[in-house]
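**Student:** Input: one structure, supplied below.
Residue numbers (my numbering), protein chains in the order written: chain A, 7 to 307; chain B, 7 to 307.
Right under this line is the structure:
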């Protein structure tokens with residue numbers, strides 16, 4: 007299972023029962039939170055997402071609609087007696103903001119909180135089988151997109167073949183890593199005979215807030231799914247440029263040029279009640295587009 | 007009209023669709039916001055409260071469930087193009103927290119924001135006909151309750167009497183202020199003949215978060231309505247003491263000893279789904295008690 011659940015899909019000001027940006031990335035055995043607008047902790051309750059499973063929180067930039075819910079969530083974790091480590095990966099200035107708020111409330115966290123300040127684009131960290139990197143987007147303030155890439159998974163044991171060659175299970179881990187097997191009589195048995203191809207690792211890219219920007223296409227190239235903001239419809243293209251945001255067609259153009267499999271669009275301006283037009287415009291350029299709707303989990307294809 | 011609309015009535019962690027503390031005080035021509043937990047801006051939208059009418063925001067203390075929604079509201083005011091002055095009255099440490107967050111986002115507010123740091127208990131400020139003062143409560147960190155007192159209103163003109171004595175309307179303001187009238191022939195006409203008694207100004211007191219504390223009874227004495235927290239039912243009295251909170255019966259005892267007319271109770275712990283027991287326990291001691299329910303406007307009696 008590798009999917010993205012949308013908690014908020016609206017831009018700056020909440021409207022039409024839509025909330026500011028937040029997404030939960032669900033992978034085997036762990037969850038990441040991406041951005042954390044005001045009210046995220048309530049959305050997590052609404053959609054019954056197990057908060058204790060969240061090990062890492064990634065914050066793209068310090069506009070309020072992407073992080074004002076963070077301190078409340080961290081605080082509630084403590085009040086609920088969380089004990090698991092929590093990692094926050096974010097622009098450096100966030101650390102002092104959090105520290106000041108904890109100090110003012112005399113807050114003692116019940117769990118270890120690790121703050122990772124994003125210093126530059128590139129590799130960030132590896133969590134289990136997932137490697138996370140970031141790239142710069144073109145926004146009014148410094149802003150980072152994130153790429154979550156499952157590393158190659160282990161090859162799968164061929165049960166008939168290992169039985170036929172009488173291989174002890176203590177050797178299976180070596181086989182899964184791709185090693186050939188040498189039998190007691192010296193015969194070499196090629197790994198391809200004993201295992202099946204590893205399932206391909208999947209890649210999700212979160213392109214944060216951004217103007218139309220081809221410079222990060224190499225970072226998201228060939229991803230299974232990307233999220234790209236579409237604050238405006240195409241007829242507000244000028245507004246989009248002025249405000250460092252993108253239109254429906256611009257998001258679709260990036261998805262097409264990057265050769266990704268699927269496009270999720272969100273961060274809709276509060277000027278729009280109806281969202282269907284976003285989907286329609288984007289699909290003209292990139293057919294496999296879906297609206298990021300709150301409460302829905304989108305699986306990577 | 008002098009009433010209080012509840013936006014949030016829950017303690018620390020949101021639960022059962024209840025939100026953290028926030029209230030709107032509605033008076034003729036103006037609104038004050040008291041505390042501003044996470045999600046307050048969304049509650050203001052839900053209950054269709056005109057945000058532009060809010061001139062002052064009072065923050066009792068810096069536990070997150072009483073102010074984490076403030077920066078988002080201030081931010082949204084700017085995005086919505088507010089131009090009216092806004093006053094925030096709060097513990098001093100809040101100013102730097104706000105400034106850091108505005109700086110990180112490169113936020114330029116569209117309106118003048120005046121920060122009033124609470125230095126000590128006592129008189130705070132006067133807004134139109136309302137005088138606001140504060141008092142200390144007994145909580146884990148420094149915490150203030152607020153008293154909103156309408157000053158004596160102008161006396162009401164007796165239309166028959168002013169007609170009979172042929173008094174020009176340019177003199178009415180003097181009469182409303184209580185002055186006697188001297189006729190052109192030198193006759194003194196007493197003010198009581200020309201006007202009716204002024205309607206009595208009303209008083210509302212918000213007692214914030216607090217342990218049972220009789221020390222602030224003089225501050226709230228005789229108020230028309232007070233809000234007092236009741237985090238726990240009576241059987242959790244020990245827990246209440248330990249956490250610097252109050253029980254249902256303790257809130258009622260304060261209301262009774264202070265001789266107030268009406269008691270509103272809230273800040274219910276997330277351990278309680280059902281709230282009726284709070285009302286029942288409090289009414290045993292102070293019958294004119296009401297649960298502070300979200301979305302309801304409680305008029306001062």
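Even for Gly, the Cβ is constructed at its ideal location relative to N, Cα and C. If you're wondering where the values come from, they're calculated on a predicted model, not measured in any experiment.
(1) Can a CB atom of chain B be found closer than 8 Å to the CB of residue 106(A)?
(2) When the distance is taken between beta carbons, is residue 149(A) closer than 8 Å to residue 225(A)?
(3) At which residues does the beta strand (DSSP E) containing residue 302(B) begin and terminate?
(4) According to DSSP, is residue 106(B) part of a helix, a strand, or is it coil?
(5) Are there 16 or more other CB atoms within 10 angstroms of the CB of residue 305(A), so buried, or fewer, so exposed?
(6) Candidates 236(B), 168(B), 199(B) and 160(B): which alpha carbon is nearest residue 213(B)'s?
(7) Using a Cβ-Cβ cut-off of less than 7 Å, list which residues of the stretch 89-120 of chain A approach chain B; keep chain order.
(8) Which same chain residues end up closer than 6 Å to residue 264(A) when comparing Cβ atoms and leaving out the 5 residues on each side of it in sequence?
(9) Quick check on residue 81(B): does DSSP put it in helix, strand or coil?
(10) Does any residue of chain A bring its CB to less than 8 Å from the CB of residue 235(B)?
(11) Going by alpha carbons, who is nearest to residue 163(A) out of 134(A), 139(A) and 197(A)?
(12) On the DSSP letters alone, give me the boundaries of the beta strand (DSSP E) that residue 209(B) sits inside.
(13) Give me the chain B residues within the contact set of residue 69(A), using Cβ-Cβ distance strictly less than 8 Å, ordered along the chain.
(14) May I have the straight-line CA-CA distance separating residue 155(A) from residue 138(A), to the nearest angstrom?
(15) Measuring only the C-alpha atoms, how far is residue 282(A) from residue 241(A)?
(16) Scan the stretch 82-163 of chain A and note each continuous alpha helix (DSSP H) run of 4 residues or more that stays entirely inside, going in chain order.
(17) When the Cα atoms are used, what is the spatial distance from residue 46(A) to residue 60(B)?
(18) With C-beta atoms as the reference, is residue 62(B) less than 8 Å away from residue 41(B)?
(19) Taking C-beta pairs closer than 8 Å, name the residues in chain A that residue 20(B) reaches, listed in chain order.
(20) In chain order, which beta strand (DSSP E) runs of at least 3 residues are fully inside the stretch 21-63 of chain B?
(21) Determine, using beta carbons only, whether residue 38(A) and residue 31(A) come nearer to each other than 8 Å.
(22) For residue 170(B), count neighbouring C-beta atoms within 10 Å of its own C-beta (all shown protein chains included) and say buried if the count is 16 or more, exposed if not.
(23) Is the distance from the Cβ of residue 269(B) to the Cβ of residue 294(B) below 8 Å?
(24) Check the Cβ of residue 147(B) against every Cβ in chain A and list those closer than 9 Å, keeping chain order.
(25) Measuring only between beta-carbons, confirm whether residue 75(A) sits less than 8 Å from chain B.
(26) Beta-carbon within less than 6 Å of residue 129(B)'s beta-carbon, same chain only, minus the 5 sequence neighbours each way: which residues are those?
(27) Would you call the CB atoms of residue 287(A) and residue 297(A) closer than 8 Å?
(28) Would DSSP call residue 272(A) helix, strand or coil?
(29) Under 8 Å Cβ-Cβ, which residues of chain B neighbour residue 86(A)?
(30) Helix or strand or just coil, what does DSSP make of residue 194(A)?
(31) Report yes if the C-beta distance between residue 261(A) and residue 252(A) is below 8 Å; otherwise report no.
(32) Which residues bound the beta strand (DSSP E) around residue 10(A)?
(33) What is the DSSP secondary structure of residue 175(B), counted as helix, strand or coil?
(34) With which residues is residue 295(A) paired in a DSSP beta bridge?
(35) Mind listing the chain B neighbours of residue 272(A)? Cutoff is C-beta to C-beta under 7 Å, in chain order.
(36) Just list the residues that DSSP pairs residue 231(A) with in beta bridges.
**Tutor:** Based on what the coordinates show:
(1) Interface residue, yes.
(2) no
(3) That residue, residue 302(B), is in no beta strand (DSSP E); it is neither H nor E in DSSP.
(4) helix
(5) exposed
(6) 236(B)
(7) 99, 102, 103, 106, 107, 110, 111 and 112
(8) Sequence-distant Cβ neighbours of residue 264(A) in its own chain, meaning closer than 6 Å and more than five residues away, are 223, 226 and 227.
(9) helix
(10) no
(11) 197(A)
(12) 209-212
(13) 111
(14) 6 Å
(15) 15 Å
(16) 100-110
(17) 25 Å
(18) no
(19) Under the 8 Å cutoff, chain A gives 47, 48, 51 and 82.
(20) 28-33 and 36-42
(21) yes
(22) exposed
(23) yes
(24) Near residue 147(B) (Cβ distances below 9 Å), the residues of chain A are 110, 111 and 112.
(25) yes
(26) Taken in chain order, the residues that qualify are 139.
(27) no
(28) strand
(29) 19
(30) strand
(31) no
(32) 9-14
(33) helix
(34) Paired residue(s): 269(A).
(35) Near residue 272(A) there are no residues of chain B at all, since even the closest Cβ is about 18 Å away, more than 7 Å.
(36) 210(A) and 268(A)
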